[in-house]
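Each residue of the sequence shown is one higher than the one before, starting from 2 at the first, in this note's numbering.
No residue lacks a Cβ here, since even glycine has one placed at the ideal position from N, Cα and C.
Predicted model, so just to flag it, every value in this text is computed and none were measured.
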Amino acid sequence: MFSKKTIILSLCICTASFFAGSLLASNISEATVHSEKIVLGSGCFWGAEKGYESLPGVIDAVSGYADGKGVRASYKDITKLKNKFNPNNHAEVVEVTYNKNLISTEGLLMHYFESHDPTQLNRQGNDIGTQYRSIILYSTQEQKQAIDAIMQTYQTLLSAAGYGPIVTSVKPIENFYEAETYHQDYIAKNPNGYCPDHSTGVRFDKRNTLEILDNSKLLSGKHIIVIEAEGYCPYCEKFKAEVVKNYFGNIPLVFRLASQLQDLEIKSPTWATPTILFLEDGEEVVGYQGYLSPKEFYQALGYFKLGDSEAYKVAFQQGTDARFCKEYEIFKNTPDGVFVDKLSGAPLFDTKDRFNSSTGWLSFTAPIKGSVYTKPDNTYGMRRTEIRSVTSDIHLGHVFPDGPNGMPRYCINATVLEFRPREDLS
């Protein structure tokens, strides 16, 4: 995709002998760098949970209880008659975990407000009591800003339709208690179960959401914008499924319509969908019209993020880090955590599997399951096994059979990795 000079690089032969203790391999099934949690209460949680689970980009929806004091968080206790109008009662809520690359906080909140009547206090239709109150519990200040903007917009729409003021309570999350097992996926297990529709029928105009989309954060630093269609776009959906779903890199990726690019300096035509734009400080650096395959996207991202660096040469020209390079010295003693693909952000190697091979390159006894693949490498007259990232297809290093206690030795270039403490992945 890019024309660059061919550079002959040193090889990662890594043939030193050593002994190290056996280390246990561990698996991390899903990176959650771009995931957030928000707790939403809109009446009976059975139907609400089903609704959130149907939204593309929602990772998980769990029914539960929140925002109570002095009342046990159980269905039996919150439904007792004495708690029906107890202001300290827990509310029936759903904890929603979502991928911000696939559904924005604004988009999730639009669904939330459209799916119930936020003007009813301590009730939804015939479901009466404090447990049915409309409530949002946020986990970040960015969520709070989105809530305020969406609520203001929806209040205008409700007022025009003859409804009263929104009474939804908005607070930071303090505690969330998962509901009993039989409440989880209740509608899926009971298709004819209780699932009333208490929505007002008032809808957001999703074709004109300029007033709730703030591009000010895109004016500083690097960002990726995907321009999608107002209607159905098969190649937009293909791009989301094949690229965005597995992207957890640290360069933010957002979706916009062609009409939502205010304040940004865009050079590319924006009529094609998808169009992928790489921006720095609000100005387009490079843009691509039409669908990009995962390999094409990461080649573009690699050039955008890495430039003409050693990391780029390692990733895309099968180069090799210098022994004991700067990144190796930084990463060799990092605390508990995970090394991720520098472009996709996907977890690749766990510190639990790291050991000191004395070779000058990071060494592991195993990768995280499903994160890498191997291919023969017979360049330079040698027979080796190359390691590549499944998500981005970048070159990572080689694997040798001389690890500790008969295990493999994954000899990995530090320049194509980033480190994330384990607590950041939960």
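Distance CB(residue i)-CB(residue j) smaller than 8 Å
i, j, result
"VAL434", "ILE151", "With the chain covering only 2 through 427, there is no way to say anything about residue 434."
"ILE388", "ALA316", "no"
"TYR299", "LEU307", "no"
"GLY346", "PHE240", "no"
"GLU266", "GLU281", "no"
"LEU363", "SER390", "no"
"GLU311", "THR386", "no"
"ARG257", "ILE277", "no"
"PHE1", "LEU418", "The shown model of the chain, from 2 to 427, leaves out residue 1, and the question about it has no answer."
"VAL244", "PRO295", "yes"
"VAL171", "THR120", "no"
"GLY163", "LEU219", "no"
"ALA74", "TYR183", "no"
"PRO197", "GLY69", "no"
"GLY361", "PHE401", "no"
Cβ-based neighbour list, residue i, same chain, cut-off 6 Å, excluding 5 preceding and 5 following
i, result
"TYR133", "GLY44, ARG124, GLN125"
"THR106", "GLN144, ALA147"
"ILE129", "none"
"SER393", "TYR299, ASP342, LEU344, SER345"
"ASP403", "ARG410"
"LEU159", "VAL203"
"MET111", "PHE205"
"LEU302", "LEU344"
"LEU122", "VAL168"
"ARG423", "ASP337, GLY338"
"HIS224", "PRO253, LEU280"
Residues of its chain near residue i, where Cβ-Cβ distance is below 7 Å and the 5 sequence neighbours each way are ignored
i, result
"THR335", "THR352, PHE420"
"ASN216", "GLN263, ASP264, LEU265"
"VAL35", "The sequence shown places His at residue 35, rather than the Val named in the question. Closer than 7 Å at the Cβ level, and outside the excluded window around HIS35, lie ASN100, LYS101, ASN102, PHE249."
"GLU212", "Note that GLU212 scores 46 on pLDDT, short of 50, meaning its location in the model is unreliable; the coordinates nonetheless yield the value given after this. The residues are THR154."
"GLY71", "ASN89"
"ALA230", "CYS237, THR274"
Rounded Cβ spacing between residue i and residue j (contact assumed at less than 8 Å)
i, j, result
"TYR329", "ASP322", "7 Å"
"PRO275", "ILE228", "6 Å"
"ASP378", "PHE365", "Incorrect: roughly 18 Å between the Cβ atoms, too far for contact."
"GLU50", "SER64", "5 Å"
"TYR195", "PRO173", "That pair is no contact at about 31 Å."
"LEU41", "TYR113", "5 Å"
"ASN90", "THR131", "4 Å"
"TYR233", "TYR292", "Contact doesn't hold; Cβ gap of about 15 Å is too wide."
"GLY165", "SER116", "Incorrect: roughly 18 Å between the Cβ atoms, too far for contact."
"HIS199", "ASP118", "5 Å"
Within-8 Å CB hit, residue i to chain B
i, result
"ILE369", "In the structure shown, chain B does not exist; there is a single protein chain."
Residue i: CB within 7 Å of a non-hydrogen atom of the ligand NAP
i, result
"GLN290", "Absent from the structure shown: the ligand NAP. Ligands present: none."
Close Cβ partners of residue i (< 8 Å) along its chain, the five nearest in sequence each way excluded
i, result
"LEU25", "In this predicted model, LEU25 has a pLDDT of only 28, less than 50, meaning its place in the structure is not dependable; the value taken from the coordinates is given anyway. Contacts found: LYS353, ASP354."
"GLY288", "ILE267, LYS268, SER269, THR276, ILE277, LEU278, PHE279"
"ASN87", "VAL72, THR131"
"ILE29", "In this prediction, ILE29 has a pLDDT of 35, which is less than 50 and means its spatial position is unreliable; what the coordinates show is noted afterwards. Contacts found: VAL339, PRO348, ASP351, ILE369, LEU426."
Notebook entry, point to check: Would the region 183-196 and the region 252-261 be scored as touching if the rule is three or more Cβ pairs under 8 Å?
Noted result: No, because fewer than three Cβ pairs between the region 183-196 and the region 252-261 fall closer than 8 Å, the two stretches do not touch.
Check: On the three-pair Cβ rule with 8 Å, is the region 98-109 touching the region 48-66?
Finding: These segments touch.
Next item on the list: Please specify which runs of the beta strand (DSSP E), each continuous and at least 3 residues long, are wholly inside the region 166-239, giving them in chain order.
Entry: 170-173, 177-179, 223-228, all fully within the region 166-239.
Margin query: So within the region 45-99, which uninterrupted beta strand (DSSP E) runs reach at least 3 residues, ignoring any that extend past its ends?
Written below: Here the runs fully enclosed are 59-67.
Note to self: I'd like to know if the region 368-386 and the region 342-352 are in contact, where contact means that at least 3 CB-CB pairs between them fall below 8 Å.
What the structure shows: Segments in contact, yes.
Notebook entry, point to check: What are the start and end residues of each continuous alpha helix (DSSP H) run of 4 or more residues lying completely inside the region 237-325, in chain order?
Noted result: If one requires a minimum length of 4 residues, the alpha helix (DSSP H) runs lying completely within the region 237-325 are 295-307, 311-318, in chain order.
Next item on the list: With a floor of 4 residues, list each alpha helix (DSSP H) that falls wholly inside the region 315-396, ordered by position along the chain.
Entry: You should have 327-332.
Notebook entry, point to check: At which residue ranges does the region 101-179 contain complete beta strand (DSSP E) runs of 3 or more residues, listed in the order of the chain?
Noted result: List check, beta strand (DSSP E) in window: 135-139, 170-173, 177-179.
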